[in-house]
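Each remark here refers to the structure printed beneath this line.
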Amino acid sequence: MTTTRKASLELPRFYPILVPSRIGSGSMAESCEFARELVAAGATLIQLREKHASGREILRLARELPG
2 MTTTRKASLE
12 LPRFYPILVP
22 SRIGSGSMAE
32 SCEFARELVA
42 AGATLIQLRE
52 KHASGREILR
62 LARELPG
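Residue numbers (my numbering): 2 to 68.
And the structure:
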(Lines of atoms letter the chains of each structure in order from A and count residues from 1; the text may use other names and numbers.)
(Lines give C-alpha, C1' and ligand atoms only; values in the text may rest on other atoms or scores of the structure.)
Protein backbone atom coordinates (compact mmCIF):
# COMPACT_ATOMS: atom_id res chain seq x y z
CA MET A 1 0.00 0.00 0.00
CA THR A 2 1.29 3.47 -0.93
CA THR A 3 0.73 6.53 1.20
CA THR A 4 0.75 9.93 -0.44
CA ARG A 5 1.79 12.92 1.63
CA LYS A 6 1.61 16.55 0.68
CA ALA A 7 4.73 18.55 1.33
CA SER A 8 4.11 21.21 3.92
CA LEU A 9 6.30 23.87 2.39
CA GLU A 10 4.79 27.32 2.54
CA LEU A 11 6.25 29.76 0.06
CA PRO A 12 5.80 33.50 0.45
CA ARG A 13 3.31 35.16 -1.88
CA PHE A 14 6.11 37.35 -3.20
CA TYR A 15 9.85 36.95 -3.24
CA PRO A 16 12.49 39.10 -4.93
CA ILE A 17 14.94 37.83 -7.52
CA LEU A 18 18.52 38.99 -7.00
CA VAL A 19 20.76 39.29 -10.08
CA PRO A 20 24.15 40.59 -8.88
CA SER A 21 25.30 41.73 -12.35
CA ARG A 22 22.23 44.00 -12.58
CA ILE A 23 22.74 45.78 -9.25
CA GLY A 24 24.80 48.98 -9.35
CA SER A 25 28.24 48.24 -10.74
CA GLY A 26 27.73 44.50 -10.28
CA SER A 27 29.96 44.23 -7.22
CA MET A 28 29.27 41.57 -4.62
CA ALA A 29 29.40 44.23 -1.89
CA GLU A 30 26.47 46.06 -3.52
CA SER A 31 24.56 42.82 -3.95
CA CYS A 32 25.08 41.91 -0.29
CA GLU A 33 23.91 45.35 0.82
CA PHE A 34 20.83 45.06 -1.40
CA ALA A 35 20.10 41.59 0.03
CA ARG A 36 20.34 43.03 3.57
CA GLU A 37 17.87 45.75 2.61
CA LEU A 38 15.46 43.16 1.18
CA VAL A 39 15.61 41.12 4.40
CA ALA A 40 15.14 44.28 6.50
CA ALA A 41 12.05 45.05 4.40
CA GLY A 42 10.62 41.63 5.23
CA ALA A 43 11.81 39.32 2.46
CA THR A 44 11.99 35.75 3.76
CA LEU A 45 13.09 34.14 0.50
CA ILE A 46 15.37 35.62 -2.16
CA GLN A 47 16.00 33.87 -5.46
CA LEU A 48 19.58 34.25 -6.73
CA ARG A 49 20.06 34.29 -10.50
CA GLU A 50 23.03 34.92 -12.72
CA LYS A 51 22.26 33.82 -16.27
CA HIS A 52 25.77 33.09 -17.51
CA ALA A 53 27.24 31.70 -14.29
CA SER A 54 27.99 28.04 -13.70
CA GLY A 55 26.43 26.13 -10.83
CA ARG A 56 29.71 26.43 -8.96
CA GLU A 57 29.75 30.21 -9.43
CA ILE A 58 26.13 30.53 -8.26
CA LEU A 59 27.01 28.55 -5.13
CA ARG A 60 30.00 30.82 -4.48
CA LEU A 61 27.78 33.90 -4.87
CA ALA A 62 25.13 32.43 -2.56
CA ARG A 63 27.71 31.75 0.13
CA GLU A 64 28.84 35.38 0.02
CA LEU A 65 25.33 36.71 0.64
CA PRO A 66 24.26 37.50 4.21
CA GLY A 67 21.96 35.12 6.04
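Note that beta-carbon positions come from the ideal geometry of N, C-alpha and C, so glycine has one too.
Does the Cβ-Cβ distance between S58 and E65 come in under 8 Å? Note on identity: in this sequence residue 58 is Glu, with Ser being the wrong assignment. Cβ distance not < 8 Å, so E58 and E65 don't count as in contact.
Use the C-beta contact count for P67: other C-beta atoms within 10 angstroms, 16 or more gives buried, fewer gives exposed. exposed
In terms of DSSP beta bridges, what is L19 paired with? L49
Where S26 and F15 are concerned, what is the direct C-alpha to C-alpha distance, given to the nearest angstrom? 26 Å
Integer-rounded CB distance, given that L46 should sit under 8 Å from P13: 5 Å
Assigned secondary structure, A1 (DSSP; H/G/I helix, E/B strand, else coil): Any property of residue 1 remains undetermined from this structure, which presents the chain solely from 2 to 68.
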